[in-house]
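Just so you know, the protein sequences line up as chains A and B, in that order. Numbering-wise, the first sequence is residues 0 to 438 according to numbering that gives the first Met the number 0. Numbering-wise, the second sequence is residues 0 to 355 according to numbering that gives the first Met the number 0. Here's the structure we're looking at; comments come further down.
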Amino acid sequence: MKKVILLILFVFLLTFFIVYTSQSGVYISGAHGNSNYGVLRTSTSSFARGNCMHCHEQHASLDAEEPQPQNFAPSKYALFYDNFISQTDNFCLQCHTALGSYQSGGLINRSYSYRAGGYTLDTIQSIYEQFEPVSSLSYHDLNDILNFINGKWFYTLDSNPCIACHNPHAAQGDPANAPNSPKTSGSRGYPVSRPSQHIKDSAQWGLWGDGPGEKMSDYTTGYWAPYRYNSTTAYEPDGSTTQDGSNLTDFVSLCTDCHNATNIINSTPLGRNLLTIDWSLEKHGNGLFTIQRSVRAPYNSGTAPTNINQSCLDCHEPHGSSNAGLIRVEVNSAVLAGQVTTINSTDTTPPYTDTNKTGSYLCQRCHMDDYTFNASCPQNGWYYVHHDAASGDPPYSALGICTNCHNTGIGIDCNAPVSPINCFTCHYHNSLSGTERTF
Amino acid sequence: MRKYPFLFFISLMLFLLVRDAVAQIPSNIPCATCHTMHYSEAGTIKPSWGQAGPYNYLLTNDCIGCHSNNTGATIKDGYIPVVYNTVPPAEPLAGGNFYYLINSDQNGHNPVEVVNTEDTLLWTPGEVHAGQVSPNELTCAGTNGCHGIRQTSPVLPGLQAIRGTHHQNMNGKLDNPTGINDSYRFLRNIKGYEINDWKNNSSTHHNEYSGAVTPMDTNNCSSCHDSTDITKIRPQNGTISGFCATCHGNFHSSDPTVVGASSPFMRHPTDVLIPTGAQYGNEYTAYTVYNVTTPVARQVIPNASSGTVTPGVDIVMCLSCHYSHSGPNYKMMRWDYKNWPGQGTNGCGICHSSKN
Chain A
0 MKKVILLILF VFLLTFFIVY TSQSGVYISG AHGNSNYGVL RTSTSSFARG
50 NCMHCHEQHA SLDAEEPQPQ NFAPSKYALF YDNFISQTDN FCLQCHTALG
100 SYQSGGLINR SYSYRAGGYT LDTIQSIYEQ FEPVSSLSYH DLNDILNFIN
150 GKWFYTLDSN PCIACHNPHA AQGDPANAPN SPKTSGSRGY PVSRPSQHIK
200 DSAQWGLWGD GPGEKMSDYT TGYWAPYRYN STTAYEPDGS TTQDGSNLTD
250 FVSLCTDCHN ATNIINSTPL GRNLLTIDWS LEKHGNGLFT IQRSVRAPYN
300 SGTAPTNINQ SCLDCHEPHG SSNAGLIRVE VNSAVLAGQV TTINSTDTTP
350 PYTDTNKTGS YLCQRCHMDD YTFNASCPQN GWYYVHHDAA SGDPPYSALG
400 ICTNCHNTGI GIDCNAPVSP INCFTCHYHN SLSGTERTF
Chain B
0 MRKYPFLFFI SLMLFLLVRD AVAQIPSNIP CATCHTMHYS EAGTIKPSWG
50 QAGPYNYLLT NDCIGCHSNN TGATIKDGYI PVVYNTVPPA EPLAGGNFYY
100 LINSDQNGHN PVEVVNTEDT LLWTPGEVHA GQVSPNELTC AGTNGCHGIR
150 QTSPVLPGLQ AIRGTHHQNM NGKLDNPTGI NDSYRFLRNI KGYEINDWKN
200 NSSTHHNEYS GAVTPMDTNN CSSCHDSTDI TKIRPQNGTI SGFCATCHGN
250 FHSSDPTVVG ASSPFMRHPT DVLIPTGAQY GNEYTAYTVY NVTTPVARQV
300 IPNASSGTVT PGVDIVMCLS CHYSHSGPNY KMMRWDYKNW PGQGTNGCGI
350 CHSSKN
């Protein structure tokens with residue numbers, strides 16, 4: 000009797016599996032194609048939610064007239080709007096905007112700090128805002144992206160730069176259909192696809208991060224998740240206690256499709272080429288470091304990996320930020336103490352005259368500043384990690400000549416009146432001091 | 000021994016009669032079935048005739064009068080294809096059925112013969128020339144129609160445009176049209192294979208449609224107008240999509256600002272190959288078995304229905320998505336596109352296999 004029951008149960012489960020998987024296609028499993036919360040253009044709302052018509056006009060005509068928005072001409076890929084015009088004017092932003100969205104009911108897209116960091120006080124609520132130069136100090140420049148991907152991986156100048164990282168026919172919300180909530184382990188979706196895997200067949204150009212081999216824990220055994228905002232028990236990205244990256248997309252492999260040790264990428268906003276990144280050698284990546292650099296929790300935990308390896312989005316927003324360098328406004332349980340106003344340094348040789356150390360607001364989220372070592376020291380000071388044995392392995396003796404590096408001042412403690420040095424003078428992606436990695 | 004040649008001859012004649020019996024007017028049908036000398040019999044107009052006569056060419060009815068039925072049968076008397084049933088059609092023919100206009104004008108072409116006022120469109124969608132065919136002007140044949148001779152001047156009524164073609168109808172493989180009778184379904188200059196019972200009902204029993212690897216340039220007058228007589232309309236390339244373009248020209252053109260001949264297309268392309276390039280992966284290569292929901296066009300008209308689709312060789316056409324007459328779905332679609340994905344059907348996914 001028991002065997003009969005088990006057999007019936009098996010047949011039932013098998014039938015359920017077959018029926019379920021046969022109905023869950025790539026597109027209708029994505030955010031755009033979902034029949035409950037997918038695309039629904041205001042001017043084509045008589046079509047079912049998720050229908051192709053909401054993005055593609057087969058004839059640029061419905062009842063012999065062009066549906067709104069009317070630009071009185073068809074658009075490439077039979078889209079309802081031109082694919083890409085400028086940083087703030089492209090097809091995707093016709094819906095992914097807070098004001099005047101063509102998505103019926105509007106559309107909210109939160110920052111990564113909100114969704115993964117749990118920083119629900121972040122007021123950013125659209126992709127447009129994140130790309131828009133007024134509200135964002137830094138952003139992925141979409142024209143630069145288009146110029147970079149053109150000719151690679153089946154992209155052309157007719158491509159939309161957004162699809163460098165997103166497959167519009169497969170991308171999922173993360174969290175799925177919960178724009179005003181951070182991620183949870185039960186609401187996960189996968190929004191990104193690797194540019195190096197781009198192909199028009201959505202079944203082949205799959206989502207990245209949703210399957211085996213695509214997690215941070217697959218990229219490295221050294222990943223250790225930062226805390227969620229205002230927490231010391233919940234971790235990014237989903238607020239669970241998982242820390243090893245088994246619940247996090249391997250963003251390193253995604254980002255380094257472009258941002259790697261060899262690609263030359265021009266940045267129009269920065270007026271220069273971007274720094275190369277060699278995550279296999281950098282200390283925040285897979286590169287070895289011998290002594291913990293005065294890190295904060297959770298990285299100073301006895302259970303943390305010896306050679307901690309970060310994900311790009313532990314520090315960076317993917318679209319844009321009010322900080323320079325797409326640096327997140329919230330990192331590792333707290334908001335940055337101030338705005339990071341630059342990621343550039345004007346200095347190349349000591350003594351260093353560039354005193355903008357706003358970059359250290361980021362460092363402060365994971366590394367111990369002077370105040371953490373000693374409450375009589377100022378916050379966002381970095382004497383200890385550079386000069387004091389209490390930090391473990393300071394690179395510079397406290398008894399050296401200060402003005403060898405500092406432009407002015409002299410002293411041998413954290414309150415010494417020496418001029419600060421822009422962190423990015425020495426610490427940046429792929430930076431070296433002699434043969435020593437400094438980032 | 001003598002009887003054998005005679006039997007052979009009789010068998011041959013029977014074979015020839017039966018082969019195309021369904022598609023042609025059978026030779027044993029009396030003239031009076033379609034014609035009347037006086038549009039009167041026993042002092043009355045017969046109930047089986049059209050009541051709006053007398054009709055040209057001593058006919059007993061007009062186009063829709065013959066090709067309609069008040070039962071669900073879509074073949075009358077064994078040889079008349081029915082395109083308009085006044086009750087739900089039992090098995091619509093390949094072009095669809097005007098019955099479905101009862102639900103919405105947006106389900107099909109709306110010829111005046113169906114006596115259903117067009118209340119949606121103000122002009123022909125995609126027309127190249129403004130006012131080509133105004134609402135409530137569309138007819139089955141003629142100047143403002145599809146079948147028969149189409150000329151802009153002088154205006155040609157439907158029956159005149161189709162005169163004599165039924166008697167001279169040719170069917171099966173029609174790949175070298177010279178007139179109306181040897182054009183696919185009396186569509187001037189169109190090539191194709193006419194299935195003998197007008198039904199697209201399986202992967203191996205269906206019409207075959209003509210296509211081209213590049214659409215016509217509808218900016219070029221000769222694409223639609225005879226080069227020797229500009230009043231005469233026909234698609235230069237002889238394809239079924241080119242035929243549609245003679246009215247809906249802005250939906251079908253090699254002009255890259257209108258549709259285009261290669262990706263990125265401005266509108267959904269027709270008369271282009273189902274793609275197979277590396278950038279498409281396996282998306283279109285999965286479509287290899289002919290599906291009457293999304294028929295394809297051929298570069299070369301085959302001798303019979305083929306159940307095979309070959310991406311990279313076969314062609315997407317207007318009729319891949321639309322009925323030619325009318326169907327049960329919005330915008331003459333071959334499937335319920337409008338209600339997908341919540342309900343409806345993803346016919347698009349037959350070609351766009353990963354957009355599912």
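Note that the Cβ used here is the ideal one computed from N, Cα and C, for glycine as well.
- With contacts defined as CB atoms closer than 8 Å, Leu318 of chain B and Tyr208 of chain B qualify as a contacting pair.
- Residue-level contact by beta carbon holds for Gln342 of chain B and chain A, with a gap shorter than 8 Å.
- For chain A, the residues of the segment 107-125 of chain B that bring a beta carbon within less than 9 Å of one of its beta carbons are Thr119, Leu120, Leu121, Trp122, Thr123, Pro124 and Gly125, in chain order.
- Going by C-alpha positions, Gln93 of chain A is about 22 Å away from Lys354 of chain B.
- When the beta-carbon positions are compared, Asn106 of chain B and Tyr99 of chain B come within less than 8 Å of each other.
- Counted as a single uninterrupted DSSP element, the beta strand (DSSP E) harbouring Ile84 of chain A occupies residues Phe83 to Ser85.
- The three-state reading of DSSP puts Asp88 of chain A in strand, counting E and B together.
- The three-state secondary structure of Val154 of chain B, taken from DSSP, is coil.
- The segment 329-338 of chain B makes no contact with the segment 217-231 of chain B, as fewer than three CB pairs between them are under 8 Å.
- Here Arg162 of chain B is actually not in contact with Arg187 of chain B; their C-beta atoms are around 13 Å apart, not less than 8 Å.
- Per DSSP, Gly171 of chain B is one residue of the beta strand (DSSP E) stretching across Gly171 to Leu173.
- Note that the C-beta distance between Asp216 of chain B and Asp254 of chain B is below 8 Å.
- Within chain B, the C-beta atoms nearer than 8 Å to that of Ser74 of chain A come from Met265, in chain order.
- Uninterrupted beta strand (DSSP E) stretches at least 3 residues long and entirely within the segment 158-244 of chain B occur at 171-173, 191-193 and 207-209, given in chain order.
- The shortest CA-to-CA distance from Ser279 of chain A to any of A:Leu247, A:Leu273, A:Asn429 and A:Gln363 is the one to A:Asn429.
- With distances taken between CA atoms, Pro174 of chain A lies nearest to A:Ile107 out of A:Ile107, A:Ser418, A:Thr347 and A:Thr41.
- At least 8 Å separates the beta-carbon of Lys198 of chain B from that of Glu282 of chain B.
- When DSSP reads this structure, His146 of chain B sits in a beta bridge with B:Ala140.
- Taking the beta carbon of Trp339 of chain B as reference, the chain A residues within 7 Å of it are Ala47 and Asn50, listed in sequence order.
- Val113 of chain B: not part of any alpha helix (DSSP H); DSSP gives it neither H nor E.
- Contact check for Gln159 of chain B and Asn55 of chain B: beta-carbon distance about 6 Å, within the 8 Å limit, so the pair qualifies.
- At a cut-off of 8 Å between C-beta atoms, Tyr78 of chain B does not count as an interface residue with respect to chain A.
- Listed as beta-bridge partners of Ile79 of chain B by DSSP are B:Lys75.
- In terms of Cβ geometry, Phe250 of chain B and Ile189 of chain B do not form a close pair [threshold 8 Å].
- For Met215 of chain A, the enclosing alpha helix (DSSP H) starts and ends at Met215 to Tyr218.
- Val294 of chain A is bridged by DSSP to A:His366.
- A straight-line Cα-Cα distance of about 17 Å links Asn328 of chain B and Ile349 of chain B.
- In terms of Cβ geometry, Asp81 of chain A and Phe90 of chain A form a close pair [threshold 8 Å].
- In chain order, Gly280 and Asn281 make up the part of chain B whose C-beta sits under 7 Å from the C-beta of Gln203 of chain A.
- Under the 8 Å criterion on CB atoms, Ala63 of chain A is classed as interfacial with respect to chain B.
- In terms of Cβ geometry, Cys65 of chain B and Ile44 of chain B do not form a close pair [threshold 8 Å].
- A straight-line Cα-Cα distance of about 60 Å links Val25 of chain A and Leu57 of chain B.
- Residue ranges of uninterrupted beta strand (DSSP E) with 3 or more members, entirely inside the segment 81-164 of chain A and ordered along the chain, are 83-85.
- Neighbours of Phe250 of chain B in chain A, taken as residues whose beta carbon is under 9 Å from its own, are Gln57, His58, Ala59 and Ser60 in chain order.
- Excluding the 5 residues flanking it on each side, Arg193 of chain A has same chain C-beta neighbours closer than 6 Å at Trp207, Leu253 and Asp256, in chain order.
- Along the segment 199-226 of chain A, the positions whose C-beta sits under 9 Å from a C-beta of chain B are Lys199, Asp200, Ser201, Ala202, Gln203 and Trp204, read in chain order.
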